[in-house]
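Asks: Numbering (my numbering), first residue to last: 1197 to 1499.
(1) Would you please state the rounded distance, in angstroms, between the beta carbons of residue 1393 and residue 1247? I believe it to be under 8 Å.
(2) Closest by CA to residue 1479, which one among 1465, 1491, 1471, 1492?
(3) Take residue 1279 as the anchor and find which of 1490, 1424, 1403 has the nearest alpha-carbon.
(4) When you compare each of 1329, 1434, 1233, 1379 to residue 1215 by their alpha carbons, which one comes out closest?
(5) Tell me which residues share the same chain as residue 1360 and place their Cβ nearer than 7 Å to its Cβ, disregarding the 5 neighbours each side in the sequence.
(6) How many angstroms separate the CA atom of residue 1311 from the CA atom of residue 1261?
(7) Roughly how many angstroms lie between the CA atoms of residue 1366 and residue 1425, to the nearest whole one?
(8) Which class does residue 1224 belong to by DSSP, given the choice of helix, strand or coil?
(9) Could you give the DSSP three-state label for residue 1337: helix, strand or coil?
(10) Go through its chain and collect everything with a Cβ distance to residue 1222's Cβ below 6 Å, but skip five positions before and after it.
(11) Can you round the beta-carbon distance between residue 1250 and residue 1486 to whole angstroms, since I take them to be within the 8 Å contact cut?
(12) For the candidate residues 1290, 1274, 1395, whose alpha-carbon lies nearest to that of residue 1463?
Put into structure tokens, the structure is as follows:
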């Protein structure tokens, strides 16, 4: 009994860290899978497969569905922002050559953008610590992008990627930031599993349309792509969400928020190990400064 209780306590302590590790691998999964499928096509297939798995879970758990068309539309639109805009931007940026660590850092500024937007949209007050966090975040990302500047190659702008990759990453940042606030305002009462199902439906429709209009929709079904797709479905879209639900139910959502800013440096380390992505001293300093800034904003929001 004592050994069982000790193991349970260890698992509870490890849950927030495991969540961060799972979330960080989403950027790595994009690097592994994008050589075999275009971004919107990749994500559409991922979301459709996730919908099948989620529907089975909903049937087994006999979950309730949101009531009313208005609730469905709000939840679906939040899904377009949180999943389609965010992941579509992330995958597009990485597909265009932006390092996974840099992409993770840009979208990791979400708490700072959310704090700024929430002031006007939700009437929330930005504290002194949050303003300091916003300033540090901007300084940090400026250092990271400054080191990536390429002034020798015409039309390249940054080393390894062009300006459209930066636009895609910023679109992802805006999507997750606005989506978080929109969900907080209109979807707080949504059931987790069925609400997530509706969000993925909205995201799949938008990204599927994007794939039809702008991509060839060709997929090279290699072992690497299949394994990557399976990991993103079960490890990210299912396991990470269920783990987050368990943490929230234990009253540790603030602990998750405070750890969330560790995703960019963890992703940078993973990308260095797996792909040889290297960041110089200025970029590493920028990551540290940005992480401190996001930490300040996250801790203030969690109180």
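Every residue, glycine too, gets a C-beta built ideally from N, C-alpha and C.
Replies: Let me spell this out:
(1) In this structure residue 1393 touches residue 1247 by the C-beta definition: roughly 6 Å separates them, less than 8 Å.
(2) It is 1465 whose Cα lies nearest to the Cα of residue 1479.
(3) Residue 1403 is the option with its Cα nearest to residue 1279.
(4) Of 1329, 1434, 1233, 1379, the residue nearest in Cα terms is 1434.
(5) Excluding sequence positions up to five before and after residue 1360, its CB lies within less than 7 Å of the CB of 1292, all in the same chain and listed in chain order.
(6) Rounded to whole angstroms, the gap between the alpha carbons of residue 1311 and residue 1261 is 31 Å.
(7) Near 24 Å, if we compare the C-alpha coordinates of residue 1425 and residue 1366.
(8) Residue 1224: helix per DSSP, three-state reduction.
(9) Correct three-state label for residue 1337: helix.
(10) If we look at residue 1222 and ignore the five residues flanking it on each side, its Cβ neighbours are 1432.
(11) The beta-carbon distance between residue 1250 and residue 1486, rounded to whole angstroms, is 33 Å. This is too long to meet the 8 Å contact definition.
(12) Closest by alpha carbon: 1290.
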